[in-house]
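For reference, the structure discussed in these notes is given below.
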Amino acid sequence: MLEIQHLTKKYRKLLANDDLSFRVQDGEVAVLAGPNGAGKSTAIKCIAGLLRFQGSVTVCGHPNKSVEAKRLFGYIPEIPAPMESLTVREHLEFIARAYRVEDWQKKADVLLERLELEDKQKKLGGELSKGMQQKLSICCALLPEPKAVLLDEPLVGLDPHAIKELREMMEELRARGCSVLVSTHMLDTVRQVWDRALIMMNGKIAAERTRREMETGGESLEQLFFSITEGKGEELGSDSVHSA
Amino acid sequence: MEAILYIARKQLKNSAVKLVRRPARLIAVLASAALIVWMLLDMPSNSQGRLDPAILQSGFLVWLLALGTITALASLESGSSLFRLPDVNLLFVSPVSPKTILAYGLVRQTGKTFAGFAFLLFYSGMLIDSFGITAADVVTLILGTALFLVVVQALSLLLYCVANRGPSQRAAIKAGILAVPLLAAMYVLFQARTGLSLTAVIKAAASPVLDNLPVVGWARGAVFAVMAGNLSAAALYAALTAIFLALVIFFLLKIDADYYEDVLSNAEKTFELRRAAKEKRGINVGRGKKVGSTGIGNGWGASAFFYKHLCEARRSSRFALVGGSTLLLLLVNLGVAGIMALIGSGKADPATADAMLLSGCGLSVYILFFQNASGDWSRELEKPYLYLVPEDPFRKLFWAGLSTVMKPAVDGFIVFAVLCAVLRANPFSALACALSYAAFGFLFTAGGVLGRRALGSVPNRGVTMVLYMMLLLLVMSPGIAGTLIAVFAMKAASFAGAAPLLAALPLVAWNIAASLCIFYGCRNLLSSWEN
Numbered sequence: 001m002l003e004i005q006h007l008t009k010k011y012r013k014l015l016a017n018d019d020l021s022f023r024v025q026d027g028e029v030a031v032l033a034g035p036n037g038a039g040k041s042t043a044i045k046c047i048a049g050l051l052r053f054q055g056s057v058t059v060c061g062h063p064n065k066s067v068e069a070k071r072l073f074g075y076i077p078e079i080p081a082p083m084e085s086l087t088v089r090e091h092l093e094f095i096a097r098a099y100r101v102e103d104w105q106k107k108a109d110v111l112l113e114r115l116e117l118e119d120k121q122k123k124l125g126g127e128l129s130k131g132m133q134q135k136l137s138i139c140c141a142l143l144p145e146p147k148a149v150l151l152d153e154p155l156v157g158l159d160p161h162a163i164k165e166l167r168e169m170m171e172e173l174r175a176r177g178c179s180v181l182v183s184t185h186m187l188d189t190v191r192q193v194w195d196r197a198l199i200m201m202n203g204k205i206a207a208e209r210t211r212r213e214m215e216t217g218g219e220s221l222e223q224l225f226f227s228i229t230e231g232k233g234e235e236l237g238s239d240s241v242h243s244a
Numbered sequence: 001m002e003a004i005l006y007i008a009r010k011q012l013k014n015s016a017v018k019l020v021r022r023p024a025r026l027i028a029v030l031a032s033a034a035l036i037v038w039m040l041l042d043m044p045s046n047s048q049g050r051l052d053p054a055i056l057q058s059g060f061l062v063w064l065l066a067l068g069t070i071t072a073l074a075s076l077e078s079g080s081s082l083f084r085l086p087d088v089n090l091l092f093v094s095p096v097s098p099k100t101i102l103a104y105g106l107v108r109q110t111g112k113t114f115a116g117f118a119f120l121l122f123y124s125g126m127l128i129d130s131f132g133i134t135a136a137d138v139v140t141l142i143l144g145t146a147l148f149l150v151v152v153q154a155l156s157l158l159l160y161c162v163a164n165r166g167p168s169q170r171a172a173i174k175a176g177i178l179a180v181p182l183l184a185a186m187y188v189l190f191q192a193r194t195g196l197s198l199t200a201v202i203k204a205a206a207s208p209v210l211d212n213l214p215v216v217g218w219a220r221g222a223v224f225a226v227m228a229g230n231l232s233a234a235a236l237y238a239a240l241t242a243i244f245l246a247l248v249i250f251f252l253l254k255i256d257a258d259y260y261e262d263v264l265s266n267a268e269k270t271f272e273l274r275r276a277a278k279e280k281r282g283i284n285v286g287r288g289k290k291v292g293s294t295g296i297g298n299g300w301g302a303s304a305f306f307y308k309h310l311c312e313a314r315r316s317s318r319f320a321l322v323g324g325s326t327l328l329l330l331l332v333n334l335g336v337a338g339i340m341a342l343i344g345s346g347k348a349d350p351a352t353a354d355a356m357l358l359s360g361c362g363l364s365v366y367i368l369f370f371q372n373a374s375g376d377w378s379r380e381l382e383k384p385y386l387y388l389v390p391e392d393p394f395r396k397l398f399w400a401g402l403s404t405v406m407k408p409a410v411d412g413f414i415v416f417a418v419l420c421a422v423l424r425a426n427p428f429s430a431l432a433c434a435l436s437y438a439a440f441g442f443l444f445t446a447g448g449v450l451g452r453r454a455l456g457s458v459p460n461r462g463v464t465m466v467l468y469m470m471l472l473l474l475v476m477s478p479g480i481a482g483t484l485i486a487v488f489a490m491k492a493a494s495f496a497g498a499a500p501l502l503a504a505l506p507l508v509a510w511n512i513a514a515s516l517c518i519f520y521g522c523r524n525l526l527s528s529w530e531n
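Chains A and B, in that order, are what the protein sequence lines are. Sequential numbering of the first sequence, starting at 1, is according to full-length UniProt numbering. Sequential numbering of the second sequence, starting at 1, is according to full-length UniProt numbering.
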């Protein structure tokens with residue numbers, strides 16, 4: 001489980017994340033949506049332990065910056081950053097060694113095959129196209145079989161086959177009891193997989209809904225998104241935010 | 001034309017406003033300018049100079065030839081760097097005449113080249129003192145270099161357009177570019193063939209005959225004519241260069257070359273590089289890197305970083321940590337020894353082999369300071385894995401920094417051992433140099449860690465660089481003081497026996513101890529990306 005409590009992130013005078021609190025249960029896919037500049041990527045980076053912040057973030061009960069938490073989560077960054085001089089397969093070998101993953105070869109083969117990278121195994125990271133770099137990034141994040149996965153705009157640059165595979169992977173992660181948090185502003189791409197939606201606006205969680213709540217209320221994710229981002233919907237603030 | 005002038009005006013204004021809004025940068029710019037002016041005006045003039053003026057004349061020709069050849073060959077591969085991607089996206093598709101856009105590109109590039117070469121003014125003191133020239137002469141040398149480069153860049157654009165017509169044109173142009181330095185070298189060797197010595201080579205390279213070489217010779221001729229007060233000769237060379245530039249522009253516009261397409265590739269590459277730098281990520285600029293044997297093969301947990309670095313090093317060089325940079329270091333040291341031998345050749349007390357070794361070591365440490373910022377360790381900081389890997393931050397810090405610490409140690413021992421054999425120097429002096437070089441490598445790596453902890457990022461330029469240098473000087477000062485005390489106590493200036501090694505030990509020991517303390521003190525650095 002991923003638990004975020006009162007997460008606040010300031011860059012000098014800019015308040016990028018303002019007192020965010022939410023929870024992603026085991027076996028749940030949460031989508032963190034919002035317009036450009038809403039603070040989604042900053043929140044994901046704080047949760048991944050890459051940025052300093054106020055508040056608390058725990059991964060399966062461990063503080064996110066602890067070694068135990070790092071062992072349990074996988075992170076797919078917005079901008080893939082492969083090692084220029086390592087081959088695709090060596091990236092996975094490196095992750096396996098660094099995360100102490102036993103019997104990694106078969107797991108790596110499966111991931112590479114699913115993301116159509118098996119014929120690129122001897123290609124250097126710097127020679128890959130942006131889409132392939134993103135696929136490699138996904139393989140690296142999933143190889144240690146994490147219990148919580150953070151995906152920052154994961155579908156940008158992927159081809160239709162990879163998008164389909166990634167959606168299926170998210171469903172499999174959910175079925176395995178993994179907590180998945182996806183940051184995106186492309187709502188169409190996550191329509192089939194989300195269980196919980198968190199809409200961010202101006203650094204705050206402006207609304208939080210489960211799929212069941214939305215279906216009961218007859219509201220679509222797009223309607224909620226636009227009602228908030230175009231200022232016609234609920235006011236920002238705790239009154240309108242469903243507590244997690 | 002109006003649109004171009006508007007862009008130029010706005011860009012100038014906005015750059016000035018940006019500078020004023022960043023007081024730290026403004027202070028750094030003003031301080032640098034003040035330092036340059038002070039160096040230029042306050043340097044005591046030495047009318048004689050310690051070195052033969054022929055060295056300056058020949059050295060300037062080599063400098064121009066190297067700059068021109070490298071620029072022309074690089075442009076031939078990837079297109080001119082006159083334009084950036086915003087120019088391509090906004091100007092090239094606009095109804096502004098290509099000629100106007102080309103003129104704008106050239107004028108802007110001239111300004112940038114001047115600004116880019118301003119850093120050379122920091123070396124003005126050395127030039128004034130060594131060659132007995134004036135501050136105005138130094139400015140002339142730098143202006144001459146910048147103007148020469150502008151002409152070369154315009155020529156490169158023309159050559160690139162022609163080369164794109166086919167492989168035979170490309171090969172012919174490449175041969176033509178390489179023929180210029182080759183011709184100059186052949187002339188010099190021919191002139192110096194009787195009694196071939198470094199002095200004879202320098203005299204031949206300084207010959208006014210070489211001022212007839214197109215562009216490069218004219219540029220040198222104009223610069224040294226101005227310095228000698230021979231304005232008619234200077235005007236002649238300047239006129240030849242101006243006519244050449246006019247011809248280049250004329251042909252560029254007449255050959256019906258679609259230079260838009262030709263600059264696009266380089267503009268895209270430059271844009272991607274700049275964006276990658278801003279986003280703190282690397283980009284593969286090299287082409288066709290050989291993969292060779294694959295697999296990291298070793299390491300478990302944090303140590304996987306070290307073995308990954310070794311694997312990456314194998315891709316750059318067959319012998320992993322020993323490669324092109326080792327050879328370059330050796331050449332720099334041989335160059336220092338050669339120059340010192342040349343300076344001392346006519347004197348009663350020529351430089352000893354040990355003095356050459358120590359001087360080379362000093363220069364190597366200076367270069368290492370700048371090289372260290374691009375080591376494995378700093379590249380690793382740009383990737384998220386160093387922060388994400390579930391290992392103790394101190395262990396990660398140690399293993400991720402190990403290859404960066406080992407590289408200068410390996411380089412130092414190889415280079416100074418070879419130099420010791422070549423110069424027949426005292427082995428203890430060579431050992432002292434190797435140990436000092438390795439210890440400085442360790443300290444600079446630790447300094448990078450400290451700089452990131454204290455200043456928030458790996459210092460690489462501007463005010464943070466100045467602060468970082470001051471911080472390092474402060475850290476290393478007890479070691480330097482210790483070595484100076486040892487030198488005076490042992491009267492080790494004679495370099496006899498083990499004296500050089502004993503004198504270097506306080507510095508080496510202090511640098512290692514200080515580095516270990518810094519590493520330990522900053523052990524939690526990798527707990528988050530942001531510091």
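Every residue gets a Cβ at the ideal spot worked out from N, C-alpha and C, and that includes glycine.
Limits of the unbroken beta strand (DSSP E) element including residue i
i      : result
A/H6   : 2 to 11
A/A197 : 196 to 201
Reference residue i, options the options, closest by Cα
i      : options                        : result
B/A432 : B/L450, B/F413, B/A421, B/G441 : B/F413
A/L115 : A/D159, A/Q223, A/E222, A/H6   : A/D159
B/S477 : B/W510, B/F319, B/A302         : B/W510
B/L245 : B/L67, B/L147, B/R21           : B/L147
A/G74  : A/Q105, A/C139, A/D19          : A/C139
B/N212 : B/A204, B/A206, B/G221         : B/G221
B/I367 : B/L467, B/A205, B/D411         : B/D411
B/E77  : B/M356, B/N164, B/F122         : B/N164
A/L14  : A/K65, A/E168, A/G39, A/C60    : A/G39
A/D195 : A/Q54, A/S66, A/D26            : A/D26
Beta-bridge partners of residue i, as assigned by DSSP
i      : result
A/G74  : A/V149
B/M470 : DSSP lists no partner for B/M470.
A/P63  : A/T58
A/T184 : A/A33
B/M465 : Note: B/M465 sits in no beta bridge, so no partner.
B/F306 : The partner list for B/F306 (beta bridge, DSSP) is empty, contrary to what the question assumes.
A/E28  : A/S179
B/F319 : B/V322
A/K204 : A/M201
A/R210 : Rather than Arg, the amino acid found at residue 210 of chain A in this sequence is Thr. Paired residue(s): A/R196.
B/T352 : Beta-bridge pairing links B/T352 to no other residue.
A/N17  : A/K9
B/R21  : Per DSSP, none; premise fails for B/R21.
Cross-chain neighbours of residue i in chain A, by beta carbon under 7 Å
i                      : result
B/V139                 : Neighbours of B/V139 on chain A: none; closest Cβ ~40 Å, over 7 Å.
B/A304                 : F94, R97, A98
residue 538 of chain B : No answer is possible for residue 538 of chain B: the residues shown for chain B start at 1 and end at 531.
B/V291                 : T87, K122, L124
Amino acids of chain A, ordered along the chain, whose beta-carbon sits closer than 8 Å to that of residue i
i      : result
B/F311 : The question names Phe, yet the displayed sequence has Cys at residue 311 of chain B. Those are S85, L86, E90, listed as they occur along chain A.
B/S316 : S85
N-terminal and C-terminal residue of the alpha helix (DSSP H) that residue i is part of
i      : result
B/V226 : 216 to 228
B/I243 : 231 to 254
B/A204 : 198 to 205
A/Q133 : 130 to 142
A/L158 : Where A/L158 is concerned, there is no enclosing alpha helix (DSSP H), given that its DSSP letter is neither H nor E.
B/A192 : No alpha helix (DSSP H) contains B/A192, which DSSP labels as neither H nor E.
B/G144 : 135 to 163
Amino acids of chain A, ordered along the chain, whose beta-carbon sits closer than 9 Å to that of residue i
i      : result
B/K383 : A81, P82, M83
Chain B residues whose Cβ lies nearer than 9 Å to that of residue i
i     : result
A/G49 : Y387, L388, S527, S528, W529
A/P77 : P384
Contact set between residue i and chain B, taken where Cβ atoms lie within less than 8 Å
i     : result
A/V67 : P390, E391, D392
A/R71 : P390
CB-CB length for residue i against residue j, believed under 8 Å
i      : j      : result
B/L240 : B/W218 : 5 Å
Which residues of the region 102 to 124 of chain A have a Cβ closer than 7 Å to any Cβ of chain C? Give them in chain order.
Looking for chain C here will not work: the only protein chains present are A and B.
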